[in-house]
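Residue numbers (our numbering), protein chains in the order written: chain H, 382 to 563; chain A, 382 to 563; chain R, 97 to 517; chain E, 97 to 517.
Glycine included, C-beta positions come from ideal geometry on N, C-alpha and C.
Keep in mind the model is a prediction, meaning the values are calculated, not measured.
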Amino acid sequence: MSLLDKWMESSSRHMARQMGRRSFLAKLGGLMAGAAALPLLPVARGRASNARASAPPEDIDGPVGDPNACEYWRNCAIDGFLCGCCGGSYKTCPPGTEMSPASWIGTCRNPLDNKDYVIWYNDCCGSNPCGRCFCNRNEGERPMYHPYRNNDINWCAGASSQIYNCSTAMVIGLAVEGQPEK
Amino acid sequence: MSLLDKWMESSSRHMARQMGRRSFLAKLGGLMAGAAALPLLPVARGRASNARASAPPEDIDGPVGDPNACEYWRNCAIDGFLCGCCGGSYKTCPPGTEMSPASWIGTCRNPLDNKDYVIWYNDCCGSNPCGRCFCNRNEGERPMYHPYRNNDINWCAGASSQIYNCSTAMVIGLAVEGQPEK
Amino acid sequence: MRLLGASFLAVGLIIVHCTTGFAQVELQQAPVSVGADVDPDPHGISATVRRELGPHTLWVADRLFRHSILFDGDTGNALGMLDTTWSLGGITPHTSHKRGEFYVLEPIYAHGNRGKRTDYVTIYDGETLEISGEIELPTLKEETGHSVALTGLLDDERFLVITNMIPAASVSVVDLEARRFVTEIETAGCTQVYPVSPRRFGMLCGDGTMIAIDLDDTGKLAAIQRTAKFFDSVNDPVSGKGARDGTRWLFATFDGHLNEVDLEPNIPVARARWSLTTDRERKADWTTGGKQHLAVHAKSRTLYALMHTGARGSHKDPGSEIWTFDLDTRERRDTFDVPSLLPAFLRPVLKLPADSIGHKILKLVLPNLGAHSIVVTADDQPLMFVRHDEIGAIGVLDAHDGTHMSDIEESGISGGLMEVP
Amino acid sequence: MRLLGASFLAVGLIIVHCTTGFAQVELQQAPVSVGADVDPDPHGISATVRRELGPHTLWVADRLFRHSILFDGDTGNALGMLDTTWSLGGITPHTSHKRGEFYVLEPIYAHGNRGKRTDYVTIYDGETLEISGEIELPTLKEETGHSVALTGLLDDERFLVITNMIPAASVSVVDLEARRFVTEIETAGCTQVYPVSPRRFGMLCGDGTMIAIDLDDTGKLAAIQRTAKFFDSVNDPVSGKGARDGTRWLFATFDGHLNEVDLEPNIPVARARWSLTTDRERKADWTTGGKQHLAVHAKSRTLYALMHTGARGSHKDPGSEIWTFDLDTRERRDTFDVPSLLPAFLRPVLKLPADSIGHKILKLVLPNLGAHSIVVTADDQPLMFVRHDEIGAIGVLDAHDGTHMSDIEESGISGGLMEVP
């Protein structure tokens, strides 16, 4: 079990104990209903200073470097239409759609720096399915009892409309470990 | 111009004069809203006695005799999904759908008796498109300014739901003439 | 406004009454002599679905057409279809044979694709397919995906249980007899629903266990019992795509091991897992995969598994072969090839006659994409239906010997699930 | 209820604020050291459509996905998409360049696919594609088909005119500036709308004439003028699938004759028709056909006609060739082959890399189904887009010489229309 997964387990238990499950869920629900500006992450990250911050290298040859190809390195656990083929990009939703506040994650290796990144597959919601660039890759994907690693859930259920348009592939940060089974 | 078409022209003008267009449309609208049991036919027929009535011969070899084939003799001006592939038949709507009260007509020749029949392509409405056995034949089909011979109009617009599922091909009677261009 | 000198005014100018299928003209005007000696087809008749569904009946869900089609698996004929309004649907309707009803779960927005969302269980009459009722669900958490086991009808067809996932795992219970929502049961860490009796269903848990939830006669939570830990959810997770064998549910792991959980005892019991593959097959990367990748024919004690070769991460890839096993001895019995479904998908698109030369060329040229889903009927002459998630054709196999008997063409376009009601 | 000893409780347990794209953890708990030295991608950003649409922008409507996609015709990239909620949709949105808005006509039911129907013009912001307004239409007669010329935006982008057909022909006028429905004009015997100026549009009539309808500055009917009879609606009807050339509209008859109607004079004038085919070609059954079968490039005075060989009744069949004519001299200029669109449709289904051997085999083996629709951009380096009604791929041609430059793949599945906004 990866550190990440272990942490998820312990931190969620901890939180539930601290807050009481009811109040925690109530708070969560309130936040979700309240503002699309409050994304719900299954991981936390350090207060990185902008000075130190960098981005993963993207100058990769072939489909592994093409954000609109299923083979794109970030797409290792994506299931859906690539937003880059729908008017958005792998980091932005198409015009008129809303990014889901909750979503699943994957752990994908960047072939240039050989580092594993945690990728957050945010769905874009509120418009009929895009219908372009369908990809289904499942490296490190897990069944529904591991929800934050499951790509069969309609994550738009957390948005103001559950109508699914497409999926993005955004970097949250470096992974401490590789995919959970490794 | 076929007798049928001429008659349509004169009878509709006649009716409109008789009733006043406003009241005629009001009546028509009321009937359409009121009951699905009141179909709106672009032709009229004699009070045929049941005793004299017969049906066109249907024992035809090959696709011309297969109601679920585009080549079926009655389908000469159909545009849509064949109801026989959707849970209904060429004479009945699929379960749960409603036959449109108004529709377009075609004039198709039965290859066994070599007679021309007026076919009434009633749409079945209220369920999402069937998606099976799509056919588009346009023998005698006319542009939208000849509405009762036009199969591009969504005839479900006359039903209680304009959602189109499939199309039937029902005999109204013998045609006095062949297709209008002949 | 001046009259435009129109050649005609409107469509449908003659009003005709349709009484017991016979058309009577209502106008004074002399009608054209159309069909005086031909019986007109009666207007306004809708077909019905026969009350007793045959053993080879099949529900097929499609996300893009937003409906499920009920097929006669022997003829490939459609018997009827039911709408699903949502955009990511693809769950087949539930069937009450007792009450003669079908049930569709659907979120409905107040204004087209927008506005307030309310979830309903829509009740259809089993013969007319007309809506006979609606049950409003107070929860807005049903997750509207398209996996197996998101919803389950318990054995006496009274309680429907529905998986919720966001923001937390829970189950909604609906009383279909009383036509009302009953309760929501929090199931922290456990999800998907696996019915085994009128009042009990199982759920898979992230800690490697399975729970059995017992309802009381009102549908409220009575008890929760848990198996010992029987799988490693990180290193060899069991797929949620299970197959039922009486009171047992069978689950394959990503690595091709089979877990059997008996949910009959008060405290459910997981039996020791066994491998669907030999060491040699495992080395060649054979494993289970797909969307509905296990099926059981209980009478002949047969387990069917959809198999492919692939590394980790391939657990949703389509299978190329179907392996059959004896459910009791666990011995491998047979191997069926998954038929190529692309020719049956393309034939109608290209308007090629069945078995024409063009159709045969398609069969020769087109690659076999495999299948994501298999289901098997429960009768003595069982059929197996196989489907690829992205093309709309279903292969029909003799489930005894794997003979590819026919195809159901135009069953949809985009995958959802299949179910023998 | 006892706690289930879950391995986790819910998804999304850590609340993170996203301010100017930078994530800040809100919890006291020590977070995992994820990405401390990597800039996370900012959450919640939606793209916008550029304010000035390029000359090669294309709207493509699809009935099955129930949306229209805005494409950049040069790159084949999607710029955005707008929903249409109805089941038989397939009309592209209207564009106001002046106000930076798009308009979609949609019937909305009170309850999913059922309940009271209300029709709306839904207004979208041209950059964000968010809904900025709705105009309710009191009429319930909009006929929701998918032909050309069912709706038309008049030249100064103020008035939208909408064809009604059932139970009688009429036109609804909507003031898009004031965002209100204005009036319904009865047009007995005349239908479809052909804009020619800010206040005037034409309509084709069943008696073989065309009318010009003039609106006043409030959108109400000012006058109706009628041409002499210029076509025989029974023996050689003009297709309603016209192409605009300034104040003139061009219509082909089923037999391949071209009619030109000049709607500039107060009383509109139909010029003498001319034939697109020679006697020899006519004998070989060459004629126009399809769904959008004429296109005009005004600057180069070019008329494009989608041509096929076929008998009466073939007027909606796909075309195999595109013939070009000089609009002024009426001389035939060139012949373009319609490219085969099936390989571009199947390539993504089969997940074949572009120009792979498999892709090339498809090109060799698959039949050319032709195309139902053509549109041409208005600029100096015009592109022609060609589409088959039943497969989702669009061919991109150099409109000067017919070179097949590229394909726009996955533009939809079921054909609607195309429009250069």
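Residue i - DSSP class collapsed to helix/strand/coil
{"i": "Lys-212 of chain R", "result": "strand"}
{"i": "Leu-460 of chain R", "result": "helix"}
{"i": "Leu-154 of chain R", "result": "strand"}
{"i": "Asp-375 of chain R", "result": "helix"}
{"i": "Gly-487 of chain H", "result": "strand"}
{"i": "Ile-441 of chain H", "result": "coil"}
{"i": "Ile-418 of chain R", "result": "strand"}
{"i": "Lys-408 of chain H", "result": "In this predicted model, Lys-408 of chain H has a pLDDT of only 37, less than 50, meaning its place in the structure is not dependable enough to derive any value."}
Residue burial classification, residue i (beta-carbon count within 10 angstroms, cutoff 16)
{"i": "Lys-387 of chain R", "result": "buried"}
{"i": "Asp-460 of chain A", "result": "buried"}
{"i": "Lys-325 of chain R", "result": "exposed"}
{"i": "Gly-443 of chain H", "result": "exposed"}
{"i": "Gly-521 of chain H", "result": "buried"}
{"i": "Gly-468 of chain H", "result": "buried"}
{"i": "Leu-495 of chain H", "result": "Here residue 495 of chain H is Asn; the residue named in the question, Leu, does not match the sequence. Result: exposed."}
{"i": "Asp-158 of chain E", "result": "buried"}
{"i": "Asn-260 of chain E", "result": "buried"}
{"i": "Gly-211 of chain E", "result": "exposed"}
{"i": "Trp-370 of chain R", "result": "exposed"}
{"i": "His-460 of chain R", "result": "With the sequence shown as reference, residue 460 of chain R is identified as Leu, and His is not the correct amino acid for it. Label assigned to Leu-460 of chain R: exposed."}
{"i": "Thr-425 of chain R", "result": "exposed"}
{"i": "Pro-524 of chain H", "result": "buried"}
{"i": "Thr-240 of chain E", "result": "buried"}
{"i": "Gly-222 of chain R", "result": "buried"}
{"i": "Ser-452 of chain E", "result": "exposed"}
Sequence-distant residues of its chain with Cβ nearer than 7 angstroms to residue i (five each side left out)
{"i": "Lys-316 of chain E", "result": "Val-278 and Thr-279"}
{"i": "Cys-286 of chain E", "result": "Ala-265, Met-299, Leu-300, Cys-301 and Ile-307"}
{"i": "Gly-415 of chain R", "result": "Gly-385, Gly-386, His-389, Leu-402, Met-403, His-404, Val-434, Gly-466 and Ala-467"}
{"i": "Phe-161 of chain E", "result": "Gly-508 and Ile-509"}
{"i": "Glu-439 of chain H", "result": "Gly-446"}
{"i": "Asp-351 of chain E", "result": "Asp-332 and Thr-383"}
From the options, residue whose alpha carbon lies closest to that of residue i
{"i": "Ala-319 of chain R", "options": "R:Thr-283, R:Phe-347 and R:Ser-510", "result": "R:Thr-283"}
{"i": "Leu-465 of chain R", "options": "R:Ser-452, R:Ala-450, R:Ala-440 and R:Gly-336", "result": "R:Ala-440"}
{"i": "Arg-408 of chain E", "options": "E:Lys-395, E:Ala-380 and E:Thr-191", "result": "E:Ala-380"}
{"i": "Asn-449 of chain H", "options": "H:Ser-548, H:Gly-487, H:Gly-477 and H:Gly-554", "result": "H:Ser-548"}
{"i": "Gly-172 of chain E", "options": "E:Glu-515, E:Val-492 and E:Ala-391", "result": "E:Val-492"}
{"i": "Val-270 of chain R", "options": "R:Arg-322, R:Asp-313, R:Pro-478 and R:Trp-182", "result": "R:Asp-313"}
{"i": "Leu-154 of chain R", "options": "R:Arg-429, R:Val-471, R:Asp-485 and R:Thr-499", "result": "R:Val-471"}
{"i": "Ala-368 of chain E", "options": "E:Leu-346, E:Phe-167, E:Arg-378 and E:Pro-361", "result": "E:Leu-346"}
{"i": "Ser-293 of chain R", "options": "R:Ser-268, R:Gly-512 and R:Leu-256", "result": "R:Leu-256"}
{"i": "Thr-305 of chain E", "options": "E:Arg-295, E:Gln-288 and E:Tyr-199", "result": "E:Gln-288"}
{"i": "Asp-375 of chain R", "options": "R:His-353, R:Asp-358, R:Ile-165 and R:Leu-359", "result": "R:His-353"}
Segment limits, beta strand (DSSP E) that includes residue i
{"i": "Pro-524 of chain A", "result": "Run containing Pro-524 of chain A: none; DSSP gives neither H nor E here."}
{"i": "Pro-291 of chain R", "result": "286-291"}
{"i": "Thr-333 of chain A", "result": "Given that chain A is displayed from residue 382 to residue 563, the structure contains no residue 333 of chain A and the question cannot be resolved."}
{"i": "Glu-202 of chain E", "result": "197-207"}
{"i": "His-404 of chain E", "result": "398-405"}
6 angstroms CB neighbourhood of residue i in its chain, flanking five on each side removed
{"i": "His-496 of chain R", "result": "none"}
{"i": "Gly-410 of chain A", "result": "Any reading at Gly-410 of chain A must be qualified, since the residue scores a pLDDT of 37, below 50, and its modelled position is unreliable; no value is offered."}
{"i": "Phe-432 of chain E", "result": "Ile-418 and Gly-498"}
{"i": "Gly-487 of chain A", "result": "Cys-457, Ala-458, Ile-500 and Gly-521"}
{"i": "Val-334 of chain R", "result": "Phe-327, Phe-347, Thr-349 and Asn-355"}
Neighbourhood of residue i by C-beta distance below 8 angstroms, restricted to the same chain and skipping five residues each side
{"i": "Ala-417 of chain H", "result": "Low local confidence applies: a pLDDT of 33 at Ala-417 of chain H is under 50, so the model's placement there is unreliable, with the coordinate-based value given in what follows. Counting only Cβ-Cβ distances below 8 angstroms, and skipping sequence neighbours, we find Glu-479, Met-480, Pro-482, Ala-540 and Ser-541."}
{"i": "Phe-118 of chain E", "result": "Residue placement at Phe-118 of chain E cannot be trusted, given a pLDDT of 27 that sits under 50; the coordinates are not used to answer."}
Extent of the continuous alpha helix (DSSP H) to which residue i belongs
{"i": "Pro-444 of chain E", "result": "438-446"}
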